[in-house]
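S.K.: Take a look at this one; I'll ask things after.
Residue numbers (our numbering): 4 to 145.
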């Protein structure tokens with residue numbers, strides 16, 4: 004009753020047992036002034052605001068700057084229920100995911116940038132080919 008997990012920092016693998024507290028990042032959400040925001044959406048906004056790069060701050064020493072950076076990406080986060088320690092975790096996770104190219108938005112951005120601009124011309128769909136049925140040959144016996 005265990006799974007194998009791999010560390011993003013050093014690549015070491017270890018067992019995680021069913022008694023260990025594990026959370027999938029997709030199960031985590033951020034408190035906002037409205038509805039909760041899934042962590043995937045938080046990462047997506049951070050990815051756009053921080054121009055697809057890691058955030059290069061010392062989270063222990065530059066707390067004020069970290070909060071300002073986070074507020075740029077998620078201005079509606081609930082300042083009473085989201086603690087500084089939560090933001091540090093989110094920023095750390097974000098940096099690890101960017102560093103290891105594990106954010107799926109990376110591919111979405113590349114696809115939209117590389118895609119050629121489409122013209123608004125209507126193109127006729129190719130007409131289906133007519134199929135000709137061969138008449139069955141009749142056996143004429145006289």
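Don't be surprised by glycine CBs; every beta carbon is placed ideally from N, CA and C.
1) How should residue 97 be labelled, buried or exposed, when 16 other C-beta atoms within 10 angstroms of its C-beta is the threshold for buried?
2) Nearest-angstrom Cα distance between residue 72 and residue 101?
3) The ligand NAD and residue 80: does the residue's C-beta get closer than 6 angstroms to at least one heavy atom of that ligand?
4) What is the DSSP secondary structure of residue 24, counted as helix, strand or coil?
5) Going by beta carbon distance, what residues of the same chain come within less than 7 angstroms of residue 66, once the five residues before and after it are set aside?
6) Check whether the Cβ atoms of residue 26 and residue 4 lie closer than 7 angstroms to each other.
7) Would you identify the three-state DSSP class for residue 79, choosing helix, strand or coil?
M.R.: So, from the data block:
1) Numbered from 1 along the chain shown, position 94 holds the residue referred to as residue 97. Label assigned to residue 97: buried.
2) On the chain shown, position 69 is the one that residue 72 refers to. On the chain shown, position 98 is the one that residue 101 refers to. One C-alpha to the other measures close to 16 angstroms.
3) Looking for the ligand NAD in the displayed structure turns up nothing, as the structure carries no ligands at all.
4) As a working note, residue 24 is residue 21 in the chain shown. Residue 24 falls in the coil class under three-state DSSP.
5) Residue numbering aside, residue 66 sits at position 63 when the chain shown is read from its first letter. Cβ neighbours of residue 66 beyond the five flanking positions: 87.
6) Numbered from its first residue, the chain shown carries residue 26 at position 23. Numbered from its first residue, the chain shown carries residue 4 at position 1. Not in contact: residue 26 and residue 4 (Cβ atoms no closer than 7 angstroms).
7) As a first step, residue 79 is located in the chain shown; it is residue number 76 there, counting from the start. Reduced to three states, the DSSP call for residue 79 is coil.
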